[in-house]
Structures are given as structure tokens and as C-alpha cells.
Amino acid sequence: MRGVAAHHDDVSRGGCSEAPGCSEMAACSPSGVSGVSCPGGQLPHGLLYVVRAIVVGVPILWLFAAALWLDVEGYDGYDTICNTYYFCGRSDAYLSNRAPLLAWLLMPASGIRSGLGLDPMDLRPYHVEMALFHAIFLVCIYRWLERRLGRTLPALVAFTAAMLPFAFFSFSPYLSHDILPGGLFLLMLVLAEEFRQTPSARRWLALVILGASGPLIKQTYGVFWVGVLAGCALPLAYPLRGMHRGSWRVFSLLCLGAVSSLGFYWVCMGWVLGGSYPTLPFLVRPWEQITNMLMFYRRSESPPYFPVWVYVRNLPFYGVLMCMLVVPALFKALRGTRFMQSVAVAWLVSVVALHVYDDREVRYLAFLMPLSAVLIGPIVVDWGRRRDYLITMVCVLCIDVSVSISEAAHVFDPFYGRSQLRQMLDVLADDSGPRLPVWFAKDNYPVFLPPQNSPLAGDRFHRLFYVAPFHIAILLGRAPGTVVNIYDFKYLQRVAGEEPRSALLMVTCTIYSSLSLSPEPPTNLDKYAVYACQAERLAVTVGVDGLTMPDGSLAEWSLCADSVPDVGAVTLEGDRLDALILGQYLFPVLRNMRTRESWPLVRDAQGRYSLNGLARRPGGGTAPDLHLYAFRIRHVCSAAEDRPGTVVRDLPPR
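Each residue of the sequence shown is one higher than the one before, starting from 1374 at the first, in the working numbering.
What follows is the structure, given as C-alpha cells:
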């Protein structure tokens, strides 16, 4: 009865109080929810169904086609897959920087991959399951918009403008943490409005579960409850706008729901993080994780910088039409019904929160797409009553659609269909499986670049596909300690001789996207390269003139040990193999097989080789006695000279 009274109160003031699932148009017009008679939005039924099938069906077909083609993944996606291994019992390592819910949802894909005997690096089962989630997400959002706006052209325009921009096609093919949560956010706002009208334990419990699910996908989504409470608190500032005595009680119950969600989240994370922080008390673990994430970039010696303007600068990639409509839509919503007020306030609170957080990437805005669709829907309906306005909106939308189609087509470039990481590991594989990689060069992780530059400005990681050592270890079923970062270059010179089956993946530098206001190629492309190497033993002859290599070449070397440069000063630039130590070999060690003595070789500025730690020649050596141990480069991945992507090539044995 209270909800009915509130409805009549709003109607008496000339407004239209809506249930969140009902259309503002439907409640105020005799045409009902069908909305086909909406002026400016009238389409023949047959044509309407065809357009609906294209707008909703084609993106879904594209999602599954991309899922079956894609063989690359971003850093966050690898984190999620590794945590899926942890929950499936195939790994002892839980990556604490990632929340667990998406990993739980992807456990069926992990089981299917294992049951079918697919390669550990095969990503298709995960991408297919994610495509299914995104397909359900699109259908649900569109059906909900139809209930509000009717089966009209404006509903299709609002859906396409807000839900299918460049950003959707750029982020949805991967294991994205940024799109699906938007559906949870909208559902929370709907349930909160229904709870305000008709409080019930069922709705309250659903809000608690949804409010905890957001941060269990990504900690940032703790903002969901903040947005919901802010939206519900706005009418409290206007007590004459149809408020009733129970409003404060309802708001208090919602606050209690937010606290309950926090408690549920805290207990879940305390349990999940047991493998990451085993020595910390149960309830301290989530706090440790949150503080580590908040302080990560501030504590880093050379922190990546995320510009404050990155969201505003790249907002058109969420749709030019959406950008044109969102400001008037916000003003209209703030003067509209209580549900529309709550959506507008939640949208604004979320945008402010994203700017306050230090870590800023364009994809973080993706969860606001459903709220944007709800906001611009009434504006599209109003302006669609005028034929010239409707034609203008459709023309602008065509620009957005063309950009989206171009981005969707990029996914089927050959780069995305064959992982360069898998190519490297295949080169290093033998009959017993991949050799144990030894990683090196501190925190320089391999980065693989597609042929197209990122059109986003200031986004440091867009279209840069990183992978970390622990990702490789977990996915290949190795112990984490067998795939490590090496900080001491001198250690590598021992590895080649003591572990002849070891391998080395060496990265010369780190790549980030440019921070300029206009899109530019990533930095350090001229110096970037990844070398996949295997430890080998070469028989050499030591003569008066120097070292004679197996191919008959002569490597000049010096006598003075005190002139040897520090091993840590060794640098590699790009694909210049002629600048490497011994050409095709890295970190050579000369070992006397009879005495087991070793002398690391270092190349000085003049191009001569010195025996590090030895002030005289190891005279009298012969081929059976002296061997050269070194990492032979088998595979090179470097930045292309004529395009921004990386190119690979295998080096034949000598």
C-alpha cells in the first residue's frame, strides 16, 4: 500500500513513479510497455525484429568467434587462470592481488581444458565461458531496457550507444573484470528501489549477496554500496517529495546491508588469502591485501604514472553519442523519479571514486555502461519524437558503430590467433615437455604487441600483453621456484654450466604506452627484445691468439682481469645480435672439465673477451678439457621496424 500511495503521490505532482522494471513511457501512456506507437520510434514489426536480431545477435556471434580464435591474454587474465588452478587443486599458489569470484566462475572451463587434454597454455575454454557470460549479460540488459522503453527504435539506439561502443569490443574478448559487474551494480539499484517501496527479507538478503559479490570480483567494486546508499540518501534531503515515515528506517536497513556485505567479503577473503599470508591472523589478511594494493604504485621505485585526465580524454571510446547525451541525461534523471535519481547519483559517485584511486585505466569505466544505457534511454525517447533529432542521433551512432566494427575486426589478426609466448615455449620444448625457464633482468616481463597501435591516450597497458614468471610456472605445472626472476647476473653464468637443461627467457627492457594527450606508439620499442635461450656446451680450443669456436671463428680475448667490466653492466638493445656476447650466445663460462674450474667470459668496450677472476691464460687447454657453456639464443621476439607490433624468428642451430 505504501508503494501504491507513493505512486499516486507522484502522479498527482505531474510525474510518473515507476517500479524499476517498468517503463516511464508505459506507466504514463495507453500504449503500455510495447511502446511501438512511440512517436519517432515507430518501426514495422518485421523490420524491428530484424534490427533487434542484428543489434543483439551479431555481437554475441562475434564473442564466440573471437573466443575460439584468441590465443592471447592480458596480465589480469593470467592471474585469474592461475587462481582457478589454485581452487582446482592443481597449484599451491594463490595470487593475492586478485579477488577470487571470477576464478570460481571459470573453474568449469579449467576442468574442461584438463578433461579434453588440451595444452596448458590453451586459453579457448576460458574465453568461451567468458563469451557465454557476456552474451547473457547483453541479452539481460537489452531485455530490461525494452521493459522500460518499449520495443522501439529509441531502445535499440540507447542500447547500441551505451552497451556496444569501442570499449566493449576491445575488452570483452578477454577475461575481463570490468564489464559484467556493471550488471550487478544495476541490479543492486533496482533491488534497492524495490526494497524502498516494499521492504522484504528476500530483497535485503539479495542486496547483501550482490554487494559482497562486487568486491569479490574486484576490490574497486566496493563502490557499489557507496553508490546505492548515496542514491537512496538523496530523497532524504527532500522530505516533501513523496517521503513517508518509513524512509529513514529503510535507509538504516540498507546501511546494515552494506555492513553485512563487508563482513561477508571480509570472511571470504580471510579464508582465500590463507595461502598468501599464512602467518597473519585470519581477519588481518584482507586488510594487508587492500593496503598492499593501494600503496603498490606509491611504494614502487619507478611507479607507472596514470594521468588524472585519462578517463575524460578517452571517454569518446565509450560512444560519441553516449558522451553527447549523458550530461543532459544526468540533469533529467536528477529531476525525475527516485529510481532515476539513484542511478544518476550512483553514476556520479562511481566516476568520482575512479578518479580518486591512483590506478587509472580506461577499461575501469566499463562497469558503468549499463547505468549509462539507463540514463540516456529517456533522453533518446524524448528527442526521438522529433524526426530530425532522431536522424541526427542515428547518424552519430553510425560513427560509433563503424569504430566498433573496426575494433572487432582487429581481434582476428594473425597475432591474436597464435600466442607468441607459446611459440617461445615450443622452441624450448623437448620430448619431456618444456624445459625449466630461468627468468632474468629484474622486473622486466615479456610484453607482446599486436600490429595496431592503441588509439587510447595515456592508458599505459592497453594492447600490451604482459606475462609474468609465476604465470608460466603455474600454467605449466612447475613449482614456482623453478621459474624465477634473476637479480644477480653472475648467477646465470653458473646456471649454464651446472644445469645444462635449463633455459633462459631474457627481456631487455620494459614497455609502456606513451603518456601524451595524443595516442603514440609504446616507449622503448627500439631497445625491446625477448630472447628464448637454451644452455649448451661447446668444445673450444684455447690458442695463443684466443678462443677458437666450433665453427672455426676466432674470439679475441684479453689478459687483464682488472679491466673486466661488471657483469651487471651487460645490456642488449633490440634485435642487434651482432652486439651480443659471442654473437648468438649469452653469459658464456669457460670450464676445465678435468679440474672443474670455471672462468666467466665478459666482453669489454673494445670487443675483446676477458676471463673474469683470472689474471692469466688457462694455458695448455685442449678441446676435450675446455668447454664453453653458454645460453644459445633459439628464438627472438622484438619490436618491428615498420609497425608497432612484435615479430618473431627462430634461429637455427650453428
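Here a beta-carbon is modelled for each residue, glycine too, at the ideal position from N, C-alpha and C.
I'd like to check one pair, residue j with residue i: are the Cβ atoms closer than 9 Å?
{"i": "Ser-1745", "j": "Val-1601", "result": "no"}
{"i": "Pro-1493", "j": "Leu-1794", "result": "no"}
{"i": "Pro-1588", "j": "Ala-1472", "result": "yes"}
{"i": "Asp-1452", "j": "Phe-1740", "result": "no"}
{"i": "Gly-1630", "j": "Trp-1598", "result": "yes"}
{"i": "Pro-1824", "j": "Phe-1838", "result": "no"}
{"i": "Ala-1504", "j": "Ala-1439", "result": "yes"}
{"i": "Gly-1692", "j": "Ala-1528", "result": "no"}
{"i": "Arg-1964", "j": "Ser-1886", "result": "no"}
{"i": "Asp-1444", "j": "Ser-1792", "result": "yes"}
{"i": "Leu-1474", "j": "Phe-1510", "result": "no"}
Give me the Cβ distance between residue i and residue j, rounded to the nearest whole Å; I'm assuming they're in contact under 8 Å.
{"i": "Ala-2003", "j": "Tyr-1958", "result": "4 Å"}
{"i": "Asn-1456", "j": "Tyr-1467", "result": "6 Å"}
{"i": "Leu-1883", "j": "Asn-1817", "result": "It should be noted that the sequence gives Thr, not Leu, for residue 1883. Right, their Cβ atoms sit about 5 Å apart."}
{"i": "Ala-1508", "j": "Ile-1433", "result": "4 Å"}
{"i": "Val-1767", "j": "Val-1428", "result": "About 12 Å separates the two Cβ atoms, so there is no contact after all."}
{"i": "Ala-1534", "j": "Leu-1770", "result": "6 Å"}
{"i": "Val-1512", "j": "Leu-1441", "result": "Contact flag wrong, Cβ pair sits at about 20 Å."}
Look at the alpha carbon of residue i and the alpha carbon of residue j, and state the distance between them as a whole number of angstroms.
{"i": "Pro-1498", "j": "Ala-1606", "result": "44 Å"}
{"i": "Leu-1436", "j": "Ala-1781", "result": "9 Å"}
{"i": "Ala-2012", "j": "Trp-1644", "result": "43 Å"}
{"i": "Val-1632", "j": "Pro-1892", "result": "43 Å"}
{"i": "Trp-1660", "j": "Leu-1646", "result": "11 Å"}
{"i": "Gly-2018", "j": "Asp-1786", "result": "11 Å"}
{"i": "Gly-1709", "j": "Ala-1702", "result": "10 Å"}
{"i": "Gly-1523", "j": "Val-1596", "result": "31 Å"}
{"i": "Met-1398", "j": "Val-1747", "result": "Low local confidence applies: a pLDDT of 37 at Met-1398 is under 50, so the model's placement there is unreliable, with the coordinate-based value given in what follows. Whole-angstrom Cα-Cα distance: 13 Å."}
{"i": "Leu-1656", "j": "Ala-1426", "result": "49 Å"}
{"i": "Glu-1519", "j": "Phe-1843", "result": "46 Å"}
{"i": "Phe-1544", "j": "Pro-1961", "result": "43 Å"}
{"i": "His-2008", "j": "Val-1423", "result": "50 Å"}
{"i": "Ile-1859", "j": "Pro-1819", "result": "14 Å"}
{"i": "Leu-1888", "j": "Leu-1698", "result": "28 Å"}
{"i": "Ile-1752", "j": "Leu-1548", "result": "33 Å"}
{"i": "Arg-1569", "j": "Leu-1627", "result": "9 Å"}
{"i": "Ser-1487", "j": "Met-1695", "result": "43 Å"}
{"i": "Asn-1470", "j": "Gly-1850", "result": "21 Å"}
{"i": "Ala-1321", "j": "Val-1856", "result": "Here the chain comprises residues numbered 1374 to 2027, so residue 1321 is not present and cannot be evaluated."}
{"i": "Cys-2010", "j": "Val-1683", "result": "30 Å"}
{"i": "Phe-1558", "j": "Asp-1832", "result": "25 Å"}
{"i": "Leu-1479", "j": "Asp-1465", "result": "18 Å"}
{"i": "Phe-1690", "j": "Phe-1834", "result": "16 Å"}
Kindly indicate the opening and closing residues of the beta strand (DSSP E) around residue i.
{"i": "Val-1880", "result": "1876 to 1880"}
According to DSSP, which residues form a beta bridge with residue i?
{"i": "Ile-2006", "result": "Cys-1906"}
{"i": "Trp-1477", "result": "BP columns for Trp-1477 are empty, so no partner."}
{"i": "Phe-1437", "result": "Beta-bridge pairing links Phe-1437 to no other residue."}
{"i": "Trp-1972", "result": "Leu-1963"}
{"i": "Phe-1541", "result": "The partner list for Phe-1541 (beta bridge, DSSP) is empty, contrary to what the question assumes."}
{"i": "Val-1820", "result": "Tyr-1839"}
{"i": "Tyr-1958", "result": "Arg-2005"}
Where do the N-terminal and C-terminal ends of the alpha helix (DSSP H) with residue i fall, by residue?
{"i": "His-1500", "result": "1497 to 1522"}
{"i": "Met-1713", "result": "1711 to 1729"}
{"i": "Phe-1785", "result": "First-last for Phe-1785: undefined, no H or E at that position."}
{"i": "Gln-1796", "result": "1793 to 1800"}
{"i": "Leu-1629", "result": "1620 to 1645"}
{"i": "Ile-1749", "result": "1742 to 1756"}
{"i": "Leu-1580", "result": "1574 to 1590"}
{"i": "Phe-1460", "result": "1448 to 1460"}
{"i": "Val-1693", "result": "1693 to 1707"}
{"i": "Ala-1531", "result": "1526 to 1536"}
{"i": "Trp-1324", "result": "Nothing about residue 1324 can be reported from this structure: the residues present for the chain run from 1374 to 2027 only."}
{"i": "Glu-1734", "result": "Element bounds for Glu-1734: n/a, residue is neither H nor E."}
{"i": "Leu-1332", "result": "Residue coverage of the chain in this structure runs from 1374 to 2027, which leaves residue 1332 outside it and unanswerable."}
{"i": "Leu-1602", "result": "1596 to 1606"}
I want to see whether chain C comes within less than 9 Å of residue i, judged by CB atoms only; does it?
{"i": "Ser-1779", "result": "No chain C is present in this structure, which holds just one protein chain."}
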